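If you read the sequences in order, they're chains H and Z.
Adding 67 to a residue's 1-based position in the first sequence gives its number in the numbering used here.
Adding 67 to a residue's 1-based position in the second sequence gives its number in the numbering used here.
The C-beta atom is built at its ideal place from N, Cα and C for all residues, glycine as well.
On a predicted model such as this, the values are computed, not experimentally measured, just so you know.
Input: a single structure, listed below in structure tokens.
Protein chains: 2
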Amino acid sequence: MHAFMRIGRRMKAAAGQHNQPIDHSVIAALHALRCSSGAVRLSELATLIGLDASTASRLVRTLESDGLVDRTPDPDDRRASRVELTEAGIARLDEFSRHRQELLTAAMHGWNTSDIETFATLMGRFADGVNQVADERGNPRGTNTSDKENR
Amino acid sequence: MHAFMRIGRRMKAAAGQHNQPIDHSVIAALHALRCSSGAVRLSELATLIGLDASTASRLVRTLESDGLVDRTPDPDDRRASRVELTEAGIARLDEFSRHRQELLTAAMHGWNTSDIETFATLMGRFADGVNQVADERGNPRGTNTSDKENR
DNA sequence: ATAGATTGCGTGCATCATGCAAGTATGTAT
DNA sequence: ATACATACTTGCATGATGCACGCAATCTAT
Numbered sequence: 068m069h070a071f072m073r074i075g076r077r078m079k080a081a082a083g084q085h086n087q088p089i090d091h092s093v094i095a096a097l098h099a100l101r102c103s104s105g106a107v108r109l110s111e112l113a114t115l116i117g118l119d120a121s122t123a124s125r126l127v128r129t130l131e132s133d134g135l136v137d138r139t140p141d142p143d144d145r146r147a148s149r150v151e152l153t154e155a156g157i158a159r160l161d162e163f164s165r166h167r168q169e170l171l172t173a174a175m176h177g178w179n180t181s182d183i184e185t186f187a188t189l190m191g192r193f194a195d196g197v198n199q200v201a202d203e204r205g206n207p208r209g210t211n212t213s214d215k216e217n218r
Numbered sequence: 068m069h070a071f072m073r074i075g076r077r078m079k080a081a082a083g084q085h086n087q088p089i090d091h092s093v094i095a096a097l098h099a100l101r102c103s104s105g106a107v108r109l110s111e112l113a114t115l116i117g118l119d120a121s122t123a124s125r126l127v128r129t130l131e132s133d134g135l136v137d138r139t140p141d142p143d144d145r146r147a148s149r150v151e152l153t154e155a156g157i158a159r160l161d162e163f164s165r166h167r168q169e170l171l172t173a174a175m176h177g178w179n180t181s182d183i184e185t186f187a188t189l190m191g192r193f194a195d196g197v198n199q200v201a202d203e204r205g206n207p208r209g210t211n212t213s214d215k216e217n218r
């Protein structure tokens, strides 16, 4: 019960070696877009990935210029844009998934199937719990709990 | 097996709501210092937390001015400094641990003991695996695998 | 219909962590 | 003694981010 923090940090550290911060945002955005089937408002996307609308705006701009997303003016609301994954965007996301998957497989090399299964189950349960707690406490992305006097 | 990526991202996201990036470095440093019993070289610390020496230098400076660490000139090598946790530093780390712990407890509310135990075990195994893979592939903090054409 | 509020987005500006390159002081080896 | 290596420090650039603000489109109440 005590080792969790270390583990969490280690996992994050290990993961951090593969995904740059920018990647994180990019992937988060692509993932969000894939999940929300179809066109997504910019503001909606910002909320989904937990970023400021301005940041999302810039992010989408680069994504668009990279050809990963498609942006079309909203027919109903001429202020809004709708963002959608392109083929390239899907490909990029898939590539990332493969990479991730491969890493996981390597990390769990030698595990037996039942262990993998239970781990997956518990992990899912844990993730749900974490999400739930996070939601309950409502940390709307600017609320710093422990960052009062750290710098 | 497929859900891992989602889970990983969710966990990271959820964690990100509590620990600011700066916090991450600070905590990593404090933790590293606690683990390495006694005095630690600046460069050593930098390696431990995977940061550039310059960043570590600045980090230590702020930590020192915050009273979280103590810095003493190395008696053997007048170029080097040795860094050590202060009481306040330990307290800060403990506080963080408590916070983390509390969050975990909340997230796993309703779990039975055996589940917690197996989860902890598997998690540990998983973390080891991840670390091992990361080490094998040698990602020395500047090697971007998938960041070639993302921006 | 028209004024005022709201919404969706883009920009300017500041901040913050970080890495790299250059500098300084010290140590080591030939 | 001279050349090279080490341990930091500092200057500078970068990249992601948030906030305040502006602008245009839309909604709402009168």
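A residue is called buried when at least 16 other Cβ atoms come within 10 angstroms of its Cβ; G156 (chain Z) meets this threshold and is buried. Contact between the stretch 130 to 139 of chain H and the stretch 91 to 103 of chain H is present, with at least three C-beta pairs closer than 8 Å.
Not one beta carbon of chain H lies nearer than 8 Å to the beta carbon of G105 (chain Z). Within the stretch 187 to 203 of chain H, contact with chain Z at the beta-carbon level (separation under 7 Å) is assigned to A187, L189, M190, G191, F193, A194, G196, V197, N198, V200, A201. For D161 (chain H), there is no enclosing beta strand (DSSP E); the enclosing alpha helix (DSSP H) covers residues 154 to 174. Per DSSP, R138 (chain Z) is one residue of the beta strand (DSSP E) stretching across 136 to 140. When rounded, the separation of the alpha-carbon atoms in S104 (chain Z) and E169 (chain Z) is 26 Å. Near chain H, meaning a CB-to-CB distance below 8 Å, the residues of the stretch 124 to 136 of chain Z are T129, D133.
Within the stretch 162 to 173 of chain H, contact with chain Z at the beta-carbon level (separation under 9 Å) is assigned to E162, F163, S164, H166, R167, Q168, L170, L171, T172, A173. Under the three-state reduction of DSSP, S104 (chain Z) is assigned to coil, being neither helix nor strand.
T122 (chain Z) does not reach chain H, its nearest Cβ partner there being about 14 Å away, counting only Cβ pairs nearer than 9 Å. Proximity of T153 (chain Z) to chain H, defined by a Cβ-Cβ separation below 8 Å, is not satisfied. A Cβ-Cβ contact shorter than 8 Å links A106 (chain Z) with T139 (chain Z). Excluding its 5 nearest sequence neighbours in each direction, F163 (chain Z) has C-beta neighbours in its own chain below 6 Å: I94, listed in chain order. The shortest CA-to-CA distance from A194 (chain H) to any of Z:V197, Z:G196, Z:T172, Z:R192 is the one to Z:T172. Secondary structure of R149 (chain Z) (DSSP, three-state): strand.
Interface criterion not met: the Cβ of T114 (chain Z) is under 8 Å from no Cβ in chain H. About 6 Å separates the Cβ atoms of I183 (chain Z) and M175 (chain Z), confirming a contact at the 8 Å cut-off.
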